[in-house]
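Undergrad:
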Amino acid sequence: MSVITDLTRMWLTRSTKPFTFYNEYDQSLHFQNCENLGLYVHIPFCESICNFCPYCKEIYSKEKCDKYIDALLEEIRMVGSQNPDKKQVTSLYFGGGTPALATGRLKEIIDTLQEYFIITEGIGLELHPRNVNVETLTKLKSAGITKISIGIQSFQQKYQDILGREVVDIEKMAAALAQVEFETVSMDFIFALPNQTYIDLKRDIELAFSHGANHVAIYPFIDFTFTSSKVKVMNKKEKRALLDEITKYCLQQGYVRSSIWTFSSEADAKYSSMTRDNFLGFGCSATTLLRDQFKINTFSVEEYCKRIAEQKLATSLTIRFTERQRMIYYLFWTAYSTRVDSRDFEKFFGKSLQKMYGVELWIAKMLGFVKEKDGIYEMTLKGAFYYHYYENFYTLAYIDKMWGIMRKEAFPEKIEL
Ligand SMILES: C[S@@+](CC[C@H](N)C(=O)[O-])C[C@H]1O[C@@H](n2cnc3c(N)ncnc32)[C@H](O)[C@@H]1O
Ligand code: SF4
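Note that this note's numbering has the sequence shown beginning at 475, numbered continuously upward.
#1: Around the Cβ of R639, are there at least 16 other Cβ atoms within 10 angstroms (buried) or fewer (exposed)?
#2: Can you give the Cα-Cα distance for I664 and Q627, rounded to whole angstroms?
#3: Where does P528 sit, in a helix, a strand or coil, going by DSSP?
#4: Could you check if F526 belongs to the surroundings of ligand 1, using beta carbon to heavy atom distance under 7 Å?
#5: Identify, in the order they occur along the chain, each residue of the same chain with its Cβ nearer than 7 Å to the Cβ of K613, setting aside the five sequence neighbours on each side.
#6: Looking at the structure shown, is V608 part of a helix, part of a strand, or coil, going by DSSP?
#7: Should the stretch 762 to 771 be called in touch with the stretch 730 to 737, which here means at least 3 C-beta pairs below 8 Å?
#8: Determine the burial state of R817: buried for a count of at least 16 other Cβ atoms within 10 Å of its Cβ, exposed for fewer.
#9: Shorter than 7 Å, the distance from the beta carbon of K704 to the closest heavy atom of ligand 2, or not?
#10: Taking DSSP's pairing of strands, which residues face V515 in a bridge?
#11: Measuring CB to CB, does N688 end up less than 8 Å from V707?
#12: Pull up the CB-CB distance for K538 and V775, whole angstroms please, since I reckon it's below 8 Å.
#13: Taking just the CA atoms, how far does F859 sit from L717?
#14: Please name the residue in I850, E498, A783 whose C-alpha comes closest to that of T808.
#15: With a threshold of 7 Å, establish whether the CB of H602 neighbours any heavy atom of ligand 1.
#16: Given this structure, state the Cα-to-Cα distance separating T572 from L611, to the nearest angstrom.
#17: Given 7 Å as the limit, tell me if G842 has its C-beta closer than that to any heavy atom belonging to ligand 1.
#18: Near I584, which residues of its chain fall below 8 Å by C-beta distance, leaving aside the five closest residues on each side in sequence?
#19: At 3 residues or longer, and completely inside the stretch 648 to 698: list those beta strand (DSSP E) runs for me, N to C.
#20: Helix, strand or coil: how does DSSP classify N866 here?
#21: Tell me whether the beta-carbon of E600 lies closer than 8 Å to the beta-carbon of G569.
#22: Distance check for D643 and K704, CA to CA, integer angstroms please.
Printed below as a string of C-alpha cells:
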C-alpha cells in the first residue's frame, strides 16, 4: 500500500524527497497576503469516546475545557495580532471532539477572532446528536453560528450498535431543528459498514432530508490502526457498487454534489472545512496551510496549554514545501470539491496547470476520471470513486501514521511520509 503512495508522491512531486515534517516552527506566520483564507478551531472534548474515532479528543470536564479555552483565546491573539489590519477570511469552522460542549464560551472565541478577522461566509460547528435541543441551538445561533453539522452515523439501530453509538431520536431532533433555523443543517453518515446495503443508506439520506437537513456528508468508514475498533472493512467491489448507487440516486433526486462526500438539497447549503486554498488552525491538533508551509499543533491538551502560557505557538511539526509539493497539496484539497479550475491554479502559482501537470491530466481524461470544459476539470463518477479509493490509501499511509505518532508524543523530532 505505501508503495503506491510513495510512487505517486515521487511522480507528482518529480522528486524522491519524502514529505518531511520537523519539530520546529515559525512564531510569525505569513498569512497577511493569503487570499481565500479559512479559519478552523478545534475543541478536543467529548462526553464519551467512540472507539472508531481517530480525532484528537479527551473526556470532557468543565475545568479542563475552561483552561483549554483560555489558552485558545491566547493563541488566537498571538496569531491574529500579527496582521496590522483586520484580515478578511472566508469561513470559520469549529470541529472536534464535540465543540458544542463549549457552547457557553463560543461567543467569547468568536468575538476574539472577530477582533482580527472579518468572516465573510459564515460560521460552522459540529454537533453530537445529543446537543440538538432548542436550548443549545438557540445559544449557538445567538453566538453567531450559521451552519451546523450533526454526527448521525446512521439512523438504524444495527449500525449504531456496530459503532457503539446510541440510537438518534429523529423526531425530537427534527422538532428542535424546526424551531431554530440555520443556513446549513448537515448530517454526517458513515458508509461501507458491514453488510450495509444501498437501501439502508438511501433510507438514512431520505430521513435526513425529511427531518431538517439540507446537506448530507457520507464518509467511507476508515479503520485507523491506532483505534480499538473491531468493525470489519467492506471490500473494494462492494464499496464501489454502494458508492456508485448512492451517488446516482442523489443526483437523480436533484441533490447537488457539493464535494466528494457531500450532497445538498438546496444549492446554497454548504459545509466544508476542507476546500480552501489556505487556512489557519487554532487549538490542539489543528493544522495550518499557508503558501510556504503546512503545520500541525500538538495533540496534547496539557502541552498545548503549557506552550501557550509561555507565549509560544503550540506547533508540533512543520513541513516547508517545495513548489511541487505545494501544488500537490493544492490539488489534493481542491479535488475534494470534485473540480479543479485551471485559472484558479494559475492565479495561485503563477504557472499553468497544463504546463505543470499536462501529462497527468491527459491520462486522467483518457482513463475517464475527469472531463474538461473551458479549463475546468470535473471528476466523473469513476474519477470520484478512484479519488475516494486513493484518498483512503493516503489516509492510511499518511494520516494514520502521523496521528498514531502524535497521539503518543506531544512534540516528535521528525516524521517522514
Ligand atoms: C468530530 S465527529 C462529529 C461530531 C460529534 N463529535 C459526533 O460524533 O457526533 C466527525 C465525524 O467524523 C466521522 N468519523 C469519525 N471516525 C470515522 C472513521 N473511522 N471513519 C469514517 N468517518 C469517521 C463521523 O461521521 C463523525 O460524525
Ligand atoms: S465520533 Fe464524535 S463523539 Fe465520538 S469520539 Fe469522535 S469526536 Fe467524540
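Just so it is clear, CB atoms sit at the ideal spot from N, CA and C, and this is done for glycine as well.
TA: Result, derived from the coordinates:
#1: buried
#2: 5 Å
#3: coil
#4: At least one heavy atom of ligand 1 is nearer than 7 Å to the Cβ of F526, so yes.
#5: Taking K613 as the centre and dropping the five residues before and after it, the same chain places the C-beta of T577 closer than 7 Å to its C-beta, in chain order.
#6: helix
#7: no
#8: exposed
#9: no
#10: F568, F756
#11: Here N688 is not near V707, since their CB atoms are 8 Å or more apart.
#12: 7 Å
#13: 7 Å
#14: I850
#15: yes
#16: 14 Å
#17: no
#18: L566, I597, A617, G618
#19: The beta strand (DSSP E) runs of length 3 or more contained entirely in the stretch 648 to 698 are, from start to end of the chain, 658 to 665, 689 to 694.
#20: helix
#21: yes
#22: 26 Å
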